[in-house]
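Colleague: This is the structure I have questions about; it appears just below.
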Amino acid sequence: MSYLSVKQLNKHYGPTQVFENIDFSAAQGEFVTLLGPSGCGKSTLLRCLAGLTAVDSGQILLQGEDLVPLPPQQRGIGMVFQSYALFPNMTVAGNVAFGLKMQKASPVHIDRRVNEVLALVELQDFVHRYPHQLSGGQCQRVALARSLVTRPRLLLLDEPLSALDARIRRHLRDQIRRIQQELGLTAIFVTHDQEEALTLSDRIVLMNKGRIVQNGSAETLYTRP
Ligand code: ADP
Ligand code: ADP
Numbered sequence: 755m756s757y758l759s760v761k762q763l764n765k766h767y768g769p770t771q772v773f774e775n776i777d778f779s780a781a782q783g784e785f786v787t788l789l790g791p792s793g794c795g796k797s798t799l800l801r802c803l804a805g806l807t808a809v810d811s812g813q814i815l816l817q818g819e820d821l822v823p824l825p826p827q828q829r830g831i832g833m834v835f836q837s838y839a840l841f842p843n844m845t846v847a848g849n850v851a852f853g854l855k856m857q858k859a860s861p862v863h864i865d866r867r868v869n870e871v872l873a874l875v876e877l878q879d880f881v882h883r884y885p886h887q888l889s890g891g892q893c894q895r896v897a898l899a900r901s902l903v904t905r906p907r908l909l910l911l912d913e914p915l916s917a918l919d920a921r922i923r924r925h926l927r928d929q930i931r932r933i934q935q936e937l938g939l940t941a942i943f944v945t946h947d948q949e950e951a952l953t954l955s956d957r958i959v960l961m962n963k964g965r966i967v968q969n970g971s972a973e974t975l976y977t978r979p
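Mapping the sequence shown onto the numbering used here, position 37 (from 1) lands on 791, and the numbers just tick up by one.
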């Protein structure tokens with residue numbers, strides 16, 4: 755049985771079928787990219803995995819447990835958005851600590867864990883800054899630290915590089931991959947950028963118009979026999 759197994763997932767908005775009969779899986783520690791043109795349903799699919807949007811039908815099995823009936827905070831999932839989505843009136847430490855505070859973790863544990871994940875994204879010296887005092891790349895690293903602080907079973911990344919300029923994008927891309935491998939994280943990464951998909955992924959799930967059209971390693975998708 756796969757670590758993550760998405761089965762026959764369906765979602766529509768009014769008359770619009772956003773995606774239909776989505777089936778894919780991820781092994782533990784695998785970096786899977788959902789690649790496809792804008793509007794094909796990638797982002798909605800990711801939000802459904804996180805529980806931020808309800809599905810119409812289907813199953814999302816994570817370590818054998820169906821996540822569909824669970825609220826977002828009980829799914830054990832970390833998520834990073836294109837727009838960072840940091841709390842503007844909280845410091846870096848406050849933003850990163852948020853998930854643990856919701857779990858009522860002890861202050862000692864929170865301090866230790868916040869320092870740990872900020873070290874992971876190389877932002878230890880920024881704890882007392884506010885988001886408006888950070889660059890876009892730094893904001894996204896804070897968002898990544900915030901998503902990791904509760905030790906999620908699954909990391910979801912929704913176009914996390916798209917708002918950044920090319921040099922920063924490459925740096926963060928490499929940092930994401932390093933951290934994912936170091937922690938042995940299972941990650942689902944959404945992008946419309948083929949180069950990102952090819953350089954980051956263990957496996958690429960190609961989507962078009964709400965359907966999966968191909969699923970395989972970068973080599974099997976893009977090299978001729
Ligand atoms: P992608 O991430 O691949 O760009 P999305 O998941 O954002 O695609 O959108 C897929 C389709 O679903 C689009 O046609 C979009 O207009 C539609 N859609 C997304 N969110 C909503 C919503 N809240 N209400 C209605 N339609 C939506
Ligand atoms: P507060 O919200 O108490 O005014 P901060 O916004 O600076 O303070 O910090 C929010 C949370 O982050 C604190 O509850 C604390 O647990 C943690 N924290 C604060 N400073 C540090 C630090 N230097 N290293 C690690 N964690 C910190």
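All residues carry an ideal CB built from backbone N, CA and C; glycine is no exception. These numbers come from a predicted model, not from an experiment.
Heavy atom of ligand 1 less than 8 Å from the Cβ of Gly-830, yes or no?
Modeller: Outside the cutoff, so no.
Colleague: What does the alpha-carbon distance come out to for the pair Arg-965 and Asp-865?
Modeller: Near 44 Å, if we compare the C-alpha coordinates of Asp-865 and Arg-965.
Colleague: Would you say the beta carbon of Thr-770 comes nearer than 8 Å to a heavy atom of ligand 1?
Modeller: Yes, Cβ of Thr-770 sits closer than 8 Å to a heavy atom of ligand 1.
Colleague: Taking Cβ positions, are Ser-759 and Ser-779 nearer each other than 9 Å?
Modeller: Cβ atoms of Ser-759 and Ser-779: closer than 9 Å.
Colleague: CA-CA distance, His-882 and Leu-888?
Modeller: Rounded to the nearest angstrom, the two C-alpha atoms are 11 Å apart.
Colleague: From which residue to which residue does the alpha helix (DSSP H) around Thr-974 run?
Modeller: Taken as a continuous stretch (DSSP letters only), the alpha helix (DSSP H) holding Thr-974 covers 972–976.
Colleague: Ligand 1 and Ser-792: does any heavy atom of the ligand fall closer than 8 Å to the residue's C-beta?
Modeller: Correct: Ser-792 has its Cβ closer than 8 Å to ligand 1.
Colleague: Would Pro-914 and Gln-836 be called neighbours here (beta carbons separated by less than 9 Å)?
Modeller: Contact flag set, yes.
Colleague: By a C-beta neighbour count over all protein chains shown, 10 Å radius and 16 as the cutoff for buried, is Pro-885 buried or exposed?
Modeller: Burial call: buried.
Colleague: For ligand 1, I want to know if Thr-798 counts as a neighbour, meaning its beta carbon is within less than 8 Å of at least one of the ligand's heavy atoms.
Modeller: Thr-798: yes, Cβ under 8 Å from ligand 1.
Colleague: Compare the Cα-Cα distances from Thr-770 to each of Gly-793, Gly-783 and Phe-841 and report the closest residue.
Modeller: Looking at the Cα atoms, Gly-793 is the closest of the given residues.
Colleague: Measuring CA to CA, which of Leu-815, Ser-756 and Val-846 is closest to Leu-763?
Modeller: The shortest Cα separation from Leu-763 among Leu-815, Ser-756 and Val-846 belongs to Leu-815.
Colleague: Taking the C-alpha atoms as reference points, what is the distance between Leu-874 and Val-809?
Modeller: Those two C-alpha atoms are separated by around 34 Å.
Colleague: Please report the straight-line C-alpha distance between Leu-937 and Leu-954, rounded to a whole angstrom.
Modeller: For Leu-937 and Leu-954, the distance between alpha carbons rounds to 16 Å.
Colleague: Return yes when at least one heavy atom of ligand 1 lies under 8 Å from the C-beta of Met-961, else no.
Modeller: Yes, Cβ of Met-961 sits closer than 8 Å to a heavy atom of ligand 1.
Colleague: Between which two residues does the alpha helix (DSSP H) holding His-863 run?
Modeller: Its alpha helix (DSSP H) spans residues 861–874.
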